[in-house]
Structures are given as structure tokens and as C-alpha cells.
Amino acid sequence: MITPGLVEALTGIAGARHVRTAPAERLTYARDGLPTHRRVPAVVVLPGSRDELVAVVRLLAAHHVPFVPRGAGTGLSGGALADGAAVLLVLTRLNRILSLDPGNRLAVVEPGVVNVRLSAAAAAHGLHYAPDPSSQTACTIGGNVAENAGGPHCLKYGVTAQHVLALEVVLADGRIVELGSPGGEPWGPDVVGLFVGSEGNFGIATRIAVRLLPLPRAVRTLLAAFASLRAAGEAVSAVIASGIVPAALEMMDQSCIRAVEDSVYAAGYPRDAAAVLLVELDGHSDEAVAADTETVQELLSSHDAASIRVAADAGERERLWQGRKKAFGAMGRLSRDLVVQDAVVPRSALPDVLETIGRIAATYQVTVSNVFHAGDGNLHPNISFDARVPGLRTRVDAASTAIMEACVAVGGTITGEHGVGLDKLRYMPLIFDAESLAAMRAVRRVWDPEERVNPGKVVPVHACREWTGVRSVEWGVRSVASRDAPADSALRTPHSALDT
Amino acid sequence: MSLLDRVRALLGDDAVEIAGGADAVPRVAPASPDAVALLLGTAREEGWRVRLEGAGTWLPADAPADLALTTRRLDRVPAVEPQDLSATAEAGIGCDLLRQQLADRGTWLALDPPGLAGRTLGSVVATATAGPLRHGFGAVRDHILGVTFVTGDGRLVQSGGRVVKNVAGYDLTKLEAGGFGAFGVIVLVHLRLRALPRADQTFVLAGTREDLTQVAEDVAAAGLQPAALELMSPALARRDGWALAVRLAGSAALVAAEEAGLRGASGGRFTALRAEEAHGFWMRAAESFATRPITFRTGGLPDSSDELLDLLQHQVGDEWVSASPGVGAIRWAGDTTVDRLRRLRRTLAGLEVPLTLERAPWPIRSAVGHFGAYREGVGPLVAGLRRTFDPGEAFVVAVEGSD
């Protein structure tokens with residue numbers, strides 16, 4: 000329980016300026032980047048150093064008080080929200096790049112370092128930090144680790160998990176553990192890999208060792224316009240199957256194109272196209288990148304690209320990318336409220352799934368815009384709406400569920416980079432049976448037996464089969480059918496995605 | 000009812016091979032993931048101790064147990080999707096057979112693990128034994144999209160999925176990849192593939208270790224991005240001196256550009272191998288590791304490779320060594336004692352370099368452990384994870400050893 004005495008003790012550690020209790024101050028932290036969830040934390044603490052953070056965690060452990068770690072709050076799953084029973088630990092003041100070792104292409108950072116700042120620091124040595132979420136000018140490396148963040152260039156270079164070598168972590172009980180090794184060999188089971196993407200449930204990374212990559216010497220960026228989503232989707236499959244791995248392969252549909260073009264981020268996208276593909280190729284050799292670019296251009300043309308534009312210089316390339324990276328912001332102009340999805344489908348299923356999403360939008364009479372990492376099959380259908388319109392919120396919720404089910408039905412998953420958080424809890428049983436969910440919960444309890452860190456996120460506890468305790472008598476002879484029985488249907492749970 | 004009668008009643012007569020391994024432990028080969036679950040659920044009830052086996056070509060089949068569970072009948076490849084560059088394979092499929100099936104569909108799993116060609120996929124994943132291609136394509140875990148595994152008490156658990164990007168739930172796949180079977184038996188693996196490279200060329204340069212280390216640095220400094228950059232001891236490379244082998248794979252344009260870069264960085268000293276020579280070169284090196292009694296790997300920073308090679312030479316010899324200086328990984332094979340391994344591991348730990356024992360006879364495995372001591376605070380976590388996935392301690396796996 001959060002008592003005045005506890006608040007006083009927190010103030011003693013972090014200083015009065017960095018412990019926020021006034022309602023107006025706490026309201027600032029009631030949402031993350033996804034506007035559909037709202038939780039007002041009991042107290043907000045902004046520790047100024049690792050030692051302060053550890054002291055705060057130990058204090059909260061002693062009082063058995065739940066807490067939620069938070070970076071810049073740019074997440075898109077309601078994952079960094081704390082309710083009135085929990086303390087929100089904002090880590091943005093832990094923002095030092097502790098070391099940068101160009102020879103070994105290694106950097107060690109605190110969790111609050113902003114993603115793009117690390118790449119900017121590394122650029123002086125001809126290096127960069129590859130994961131580049133669209134929010135990279137604001138989001139933190141600690142948040143990236145918690146969410147296993149992706150980004151457009153993860154198609155070629157891999158998501159956050161592939162770039163984290165070692166971690167120092169403070170556990171829920173205040174113990175400090177060192178995971179992994181600077182060279183990347185796990186030093187035991189791969190608990191670094193297990194930690195990355197655990198959405199804060201396993202503890203707080205206080206020091207993060209990441210791998211840096213050489214900046215590519217040659218880069219080509221193409222913008223291809225298509226008359227249909229299907230044609231664009233088929234072109235994506237063709238590029239992937241060709242064996243050429245673009246650095247990025249992004250798609251935007253007409254609704255998104257127009258939102259961008261109507262905004263300050265206008266990039267010169269063709270407004271009449273049904274879809275555009277933004278393709279980037281990079282590498283060490285100009286000749287090789289030029290040859291691959293030519294092959295990709297031929298593939299795009301043979302898949303009915305209406306036009307292909309090659310960025311003439313770095314300035315044009317930057318404009319093309321700015322439109323893509325600010326697309327979410329641009330879509331904010333379409334309506335008052337926005338639901339952002341994050342499903343992934345097999346890439347060959349993209350054309351069909353995009354058409355299915357169009358049909359779902361028509362059925363539920365909602366506006367869906369698509370801007371996504373096509374090369375990974377990572378869709379971001381966004382539903383724009385005005386929550387004040389009676390009944391619309393219910394339709395949006397139903398359309399969201401239908402889209403998710405359609406993606407899962409073709410072998411996809413419910414989140415590719417945003418995380419489960421609060422938003423996708425109800426979808427977890429669509430892809431994991433009760434046993435697998437129970438296994439996740441059991442693992443969480445190894446790290447955090449009281450389930451105090453970021454409580455109520457990731458694993459829908461109601462849908463878990465019992466893990467510990469006496470086995471049921473029939474266990475040893477259960478049939479295949481019973482083992483495969485789905486967990487309680489997500490759709491029957493009381494939780495709503497639009498949980499405000 | 001005897002153990003064998005129980006197993007036969009559960010899985011049928013043909014799942015049991017009485018003659019078992021060298022120590023006559025009965026070998027049981029379940030034919031489906033559910034049969035594995037049924038067997039391990041029963042093992043938990045009966046208190047049987049179980050050792051895990053694949054094709055029996057990598058880890059010696061010598062751990063003391065009541066029965067050996069082999070995955071070799073789990074050898075199906077339910078899906079290969081060239082358009083998605085993904086595949087699903089059961090854990091008992093031999094890597095050679097899998098490679099052929101993938102190649103038939105124009106796809107490629109960019110892993111070249113040590114050992115014989117018929118090593119099972121499950122063995123490679125469970126031991127996380129990547130080969131020289133780690134330089135260009137990453138560790139074993141980077142090729143795995145998801146797994147299904149069975150816990151020590153017979154629970155069938157899915158992790159990850161079959162799409163190339165997925166953050167739904169905790170990534171238990173990472174625990175299974177390189178867990179040596181301590182956290183479950185992997186029964187099904189979803190793989191990330193690549194298109195079969197249009198061009199694939201290997202270049203070799205022989206010389207002194209010192210000279211080749213410098214060349215490797217020059218290649219890295221030139222910004223080249225080979226699929227493999229491997230420094231190999233003379234015995235391993237079957238050359239008079241040490242050898243630096245560079246593999247370039249990808250589009251014809253990429254390989255041509257990299258080749259030009261390689262020649263520039265090395266003064267044109269490398270010799271190109273013909274396709275069949277290259278195949279034999281890499282295969283023989285991989286197989287050589289299975290001919291020595293002990294194999295381990297270390298993982299340091301790239302700039303520590305030379306120092307680590309000196310250390311190995313001094314403490315355990317360097318007859319059979321292969322190093323990826325670009326990523327700091329070294330694999331060693333040979334014969335040595337428990338005491339020497341422990342001393343080496345302690346020395347390496349002081350340099351923040353872990354030593355993972357990949358294979359050794361049981362007396363050495365059980366004494367030294369695959370991992371030995373962990374870094375600060377990790378031991379209780381690993382113990383908790385083991386209790387979670389093997390509450391009855393059914394799996395006979397030498398995780399930490401007795402040191």
C-alpha cells in the first residue's frame with residue numbers, strides 16, 4: 000500500500016522535484032502512445048541515477064508495492080501505464096551513454112538514452128544502432144529492450160533482441176543480476192534473449208550493452224506506386240522470394256498517403272496511388288547495391304508498379320522517409336481517436352489479408368489506414384474514429400478483433416513490435432493455448448514471484464492452465480484433442496481494448 | 000509393471016529399442032510430440048531419469064539414466080514456404096536431409112553447425128552450436144522463429160510462431176535455444192530461411208596465425224561483409240599452416256563486389272576454391288569437431304580473439320581450433336582434463352568471457368558442466384527456470400557441473 004510515509008521515503012531517495020503526487024502531474028503519465036488506454040499512477044518517481052533507482056526498487060520491495068517502469072512513454076500497447084495502486088518509475092533521467100567502443104562495435108548505455116542519440120554518437124565512428132522504431136527521436140533504449148522494438152530497417156538488420164549483448168538488471172526484489180556477456184555469448188542459458196521483450200515484467204535493465212553496426216556506404220531508396228493493394232502485396236512477396244534482402248520495405252495505402260501529403264510531412268507521395276512501397280537497399284559496395292536496385296526495379300515493374308521513383312540524393316531520401324516515419328502523427332489529423340494494430344502475417348498472405356481488412360472496414364463502416372513493414376509482414380492497420388459518436392467505439396472494437404482473427408487465421412501473430420501490454424491481452428489466447436500461457440506466467444514468477452513489476456500486462460492470467468500443484472488424474476492419458484483445446488476464448492473476457 | 004512394459008503400453012512396441020546405447024539404457028523413440036509429452040508425463044509420475052538424444056552423433060550417449068528419449072522419429076518437415084522464407088521442421092530431422100529439402104525449394108538455412116552432416120536440427124538448436132556462418136548470419140537463435148517443446152513433466156508448450164517478427168508473450172524460444180535440453184525437449188522448430196544464394200564462393204589464405212589475424216582485421220576494416228570469416232588451425236583446415244577462410248554468399252553482384260574488396264584488402268593473396276572443394280573444406284572442418292572427445296566454445300570481444308587463442312594454446316593446446324575473429328567466437332576441440340577445463344574457465348571468467356562446454360564424455364560433462372558458474376545473481380534464476388520446466392528433475396543434463 001502506498002502510504003504518506005512511503006512517499007516521504009521515495010522523496011528522500013529521488014528528491015522532492017522528482018516525486019510527483021499532484022493529480023495534474025500524475026495525469027501527464029496516464030497514457031502512452033496509444034490513446035485508447037488510460038491509467039493514473041498513484042505516484043510518479045523519476046530517479047536520477049542507477050543507485051537511486053535501485054534504492055527505490057528496494058524500498059518498494061520492502062513494502063510489497065507494485066511498480067511500472069516507463070521510458071519516454073511512446074509505446075503503443077498501454078504497456079507503460081500504472082494504476083492507482085502502483086508507482087510509475089520514469090527512467091528518462093538515466094540517459095548516459097556509458098561507453099562506446101568502436102573497435103568492438105559495442106556501446107553500453109543507461110535505459111533512458113534516446114534511440115536516435117545512440118546512433119548519432121556512433122555515427123562519428125562510422126557506426127549506427129540498427130533498430131529504428133518510428134518513434135526513435137523520442138523512445139528510449141530501455142523501452143526498446145522491454146518491447147523488443149523493431150523498425151523499418153529491422154527487415155535486414157534484425158529487431159532489438161539481435162543487438163542486445165548483455166544487461167545489468169534490477170529485479171523486483173532489488174537484487175542486481177548480470178545477464179549475458181559483452182561478446183554476446185549468453186554465459187549460460189540465453190536469459191538476455193528471454194529478458195528482451197518481457198515488457199518490464201522481469202525487472203528493469205539498468206545497463207544495456209548493445210552491438211553497433213557499420214554505416215552502409217551505399218544506399219538507394221525507391222518509391223513505387225501501385226494501382227491496387229494486391230499488386231503492391233504481390234510485389235513484396237516477389238522481392239522477398241528473390242533473395243535480395245532490402246534494408247527496408249515499407250507500404251502505405253491511399254488513406255495513409257493522403258494523410259501524409261495533407262500534413263507538414265508531405266513527401267511527394269502520389270496521392271492517386273492505391274499503395275506505395277518504400278524500398279531501401281544498402282551495403283558496402285556501390286556496384287552491388289546498384290545491381291540489386293536494378294533487380295528490384297525490374298521486379299516492381301513486372302508486378303505492375305505504375306511508377307518508380309529513385310531518390311536522387313540524401314535530401315530526397317530523407318523526405319521520403321520522414322513521410323513514412325511521421326505517418327502515425329499525420330493520421331492523427333484524420334480524426335479525434337486512433338486505434339493502432341500491430342499484427343504480423345506470412346508475407347505471402349499479404350495480398351489476401353489486405354483485401355480482407357478492406358472488407359472488414361466496409362462491414363463495420365470504419366476507416367482503416369495501412370502503413371506498415373511489408374517486408375516483415377508486420378501490418379499496422381489504423382482505425383480512425385471519433386469516440387464521441389454513439390456506437391462507433393463498439394464497431395471499432397469489433398473490427399479490431401476481426402482484423403486480428405483474420406491475421407491469426409493465416410498463421411500470423413498479434414504483435415510484431417508494439418508488445419502485448421494491456422491492449423492485446425485479450426488476443427493472447429488466440430495464439431497460445433492455456434498451457435503455453437501458463438508456462439509464460441510461471442517464468443514470470445521466477446523473476447518476480449509477487450508479480451509486482453508492471454502488473455496485469457502480457458499474460459492473461461485468467462486464461463492460464465494451472466502450472467504448479469498436483470497434476471490432474473487424467474493428465475497422463477489426455478488425448479491430443481484435449482491438449483489442443485483452446486484456452487478460454489479471448490473474446491469472452493471482460494477486458495476491452497478500448498479501455499478508457 | 001516394468002519400465003519397458005509401461006513405455007510399450009503407452010507408445011507401442013516399435014517405440015522401444017531395448018539394446019539402447021553402450022550402457023544398455025533402453026532407448027525410446029516417440030513418433031509424435033504428443034507421444035513425447037505422454038512419455039515425460041509418465042516419467043514424472045514414475046520418477047524416471049531421462050537423457051535426451053538426437054541422431055547420437057554429437058553428444059555421447061552416456062549420461063546415466065533410466066531411459067534415453069531420442070527424437071529421431073520426429074523427422075517430418077511439415078512446411079517449407081519459399082515465398083515467406085520460413086519452414087517448420089520436427090526436431091529429429093537430420094540437418095543433411097533438411098538442407099536438401101530446403102534446397103529443392105530454393106531456400107537455405109544459413110547455419111553450418113559443427114559435427115556430422117546427419118546431426119539433428121534439435122541437437123543444433125538445443126546446443127546453439129553455430130558454425131562459421133555466424134559471422135554473417137548470426138547465432139542459432141537468430142534463425143529460430145518459434146519452437147514447441149515438452150517439459151520434464153510432459154507439458155507441451157509453444158513459443159514464438161512462424162512469422163518473421165513476433166513479440167507476443169515472453170520469448171521462451173531463447174531459453175530453449177542453447178538450453179541443452181535442461182528446460183524441455185524441443186520437438187518442433189519454426190525456421191527463418193534465406194533464398195539459396197545465387198553465388199557462393201570460398202577463398203582461403205594459408206600462413207602464420209599472426210599474419211592471418213592481421214589480414215582478418217584488414218578485411219573487417221575494409222567494411223566487407225562476408226558470410227564467414229574463419230581462422231582455422233592447420234589440422235582443422237588440413238593445411239600446412241593456419242588458414243583464413245572467407246565465404247562470400249549472395250547475389251552475383253554482391254559476391255563480385257565483395258571479392259574485389261577482398262582482393263584489395265589482402266593484396267590478392269587469397270586462393271579461390273572450386274565449388275566442390277569449398278563444400279569439402281567446410282564439411283571436413285565441421286566434421287572434425289565430432290572426432291575429438293571434447294568441444295567447447297568461448298565468446299569474447301572481437302579484439303580479444305588473438306589473446307584468447309594464445310590463452311587456449313597455453314592452457315589446452317590449439318591443434319583443433321576455429322575462430323570467428325569478427326564476432327569474437329572461438330570453438331576448440333581436443334582432449335584435456337577436468338582440472339584444466341576448470342582452470343581455463345576461471346581464467347576466462349576473469350576476462351568476462353564465458354566458456355560453454357559443448358560436448359564431452361559424461362564424467363567430464365558432469366564435473367565441469369556445460370555452463371559452470373554464472374555471473375552475479377543468475378544462478379537462482381536458472382535454478383528457478385529449471386524447476387519450472389523440469390520439476391521432477393527428469394532430464395539428465397549437466398548444466399552447471401559439480402565445481
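So the sequence lines, in the order shown, correspond to chains L and Y.
Position one of the first sequence corresponds to residue 0 (numbering that gives the first Met the number 0), numbered consecutively onward.
Position one of the second sequence corresponds to residue 0 (numbering that gives the first Met the number 0), numbered consecutively onward.
Just so it is clear, CB atoms sit at the ideal spot from N, CA and C, and this is done for glycine as well.
Because the structure is a prediction, the values reported are computed rather than measured.
Original post:
Under the rule that 16 or more other beta-carbon atoms within 10 Å means buried, what is L/P185, buried or exposed?
Top reply: buried
**OP:** Please name the residue, chosen from L/D100, L/R38, L/S435, that lies closest to L/A85 on a Cα-to-Cα basis.
**Re:** L/R38
**OP:** Please work out which residues of its chain come closer than 7 Å, Cβ to Cβ, to L/G83, disregarding the five sequence neighbours upstream and downstream, and give them in chain order.
**Re:** V39, A41
**OP:** Could you name the residues of the same chain whose beta carbon sits closer than 7 Å to that of L/L248, not counting the 5 residues immediately before and after it, in chain order?
**Re:** L154, V235, V238, L276, V278, A373, G374
Subject >> Any 3 or more C-beta pairs closer than 8 Å across the region 129-148 of chain Y and the region 186-194 of chain Y >> reply: yes
Subject >> Other residues of its chain near L/A160: CB distance less than 7 Å, five sequence neighbours each side excluded >> reply: N147, G192, V195, G196
**OP:** Under 8 Å by Cβ, that's how I've got Y/L2 and Y/D65 pegged, so tell me the actual separation to the nearest angstrom.
**Re:** 6 Å
**OP:** Go ahead and pull the three-state DSSP assignment for L/S471.
**Re:** Only weak support is given to the placement of L/S471: the predicted model assigns it a pLDDT of 32, under 50, and the value that follows is read from those uncertain coordinates. Here L/S471 sits in coil by DSSP.
Original post:
Is it the case that the Cβ atoms of L/V339 and L/H379 are separated by a distance below 8 Å?
Top reply: yes
Original post:
What's the gap between the Cα of L/L5 and the Cα of L/A129?
Top reply: 41 Å
Original post:
Quick one: what does DSSP say Y/L190 is sitting in, helix, strand or coil?
Top reply: strand
Subject >> chain L residues whose Cβ lies nearer than 9 Å to that of Y/S158 >> reply: F431, S435, A438, M439
Original post:
Based on Cα-Cα distance, which residue from Y/E399, Y/L171, Y/F202, Y/L356 lies nearest to Y/F388?
Top reply: Y/L171
Original post:
Does any CB atom of chain L fall closer than 8 Å to the CB of Y/F394?
Top reply: no
Original post:
What are the boundary residues of the alpha helix (DSSP H) that L/R57 is part of?
Top reply: 49-61
Subject >> Short Cβ contact (8 Å threshold) for L/L319 with L/A310 >> reply: yes
Original post:
What residues from the region 242-256 of chain Y come within 7 Å of chain L, judged by C-beta to C-beta, listed N to C?
Top reply: S250, A252, L253, A256
**OP:** Measuring alpha carbon to alpha carbon, tell me which of Y/R291, Y/T335, Y/D302 ends up nearest Y/Q312.
**Re:** Y/T335
Original post:
Which ranges would you report for the beta strand (DSSP E) in the region 199-228 of chain Y if only whole runs of at least 3 residues count?
Top reply: none
Original post:
Going by Cα to Cα distance, which pick from Y/R358, Y/G376, Y/A285, Y/P390 is closest to Y/G400?
Top reply: Y/R358
**OP:** Would you kindly report the start and end of the unbroken beta strand (DSSP E) that includes L/T366?
**Re:** 366-371
**OP:** Taking L/V112 as the reference, give the member of L/P65, L/L90, L/N200 with the closest Cα.
**Re:** L/L90
Original post:
Does any residue of chain L bring its CB to less than 8 Å from the CB of Y/A64?
Top reply: no
**OP:** Can you tell me which of the three DSSP states Y/M0 falls into?
**Re:** coil
Original post:
By how many angstroms is the C-alpha of L/A120 removed from the C-alpha of L/H127?
Top reply: 8 Å
Original post:
Below 8 Å, can you find three or more Cβ-Cβ pairs linking the region 162-182 of chain Y to the region 417-424 of chain L?
Top reply: yes
Original post:
Quick one: which chain Y residues come within Cβ less than 9 Å of L/E354?
Top reply: In chain order: nothing, as chain Y lies at least about 17 Å away.
Original post:
Nearest to L/D261 by CA position, among L/A326, L/E317, L/G199, L/D312, is which residue?
Top reply: L/A326
Original post:
For L/Q161 and chain Y, any beta-carbon pair shorter than 8 Å?
Top reply: yes
Original post:
Three or more beta-carbon pairs under 8 Å between the region 195-202 of chain Y and the region 210-220 of chain Y, yes or no?
Top reply: no
Original post:
Start and end of the alpha helix (DSSP H) containing Y/Q100?
Top reply: 94-103
Original post:
Going by the CB atoms, is the gap between L/D341 and L/T414 shorter than 8 Å?
Top reply: yes
Original post:
Do the region 247-264 of chain Y and the region 278-291 of chain L meet, that is, are 3 or more Cβ pairs less than 8 Å apart?
Top reply: yes
Subject >> Close Cβ partners of L/Y505 (< 8 Å) along its chain, the five nearest in sequence each way excluded >> reply: Residue numbering for chain L in the displayed model covers 0 to 499; residue 505 of chain L lies beyond these limits and cannot be assessed.
**OP:** Kindly indicate if chain L contains any beta-carbon less than 8 Å away from that of Y/R5.
**Re:** no
**OP:** With a 10 Å radius around its C-beta and 16 neighbouring C-beta atoms as the bar for buried, classify Y/D111 as buried or exposed.
**Re:** buried
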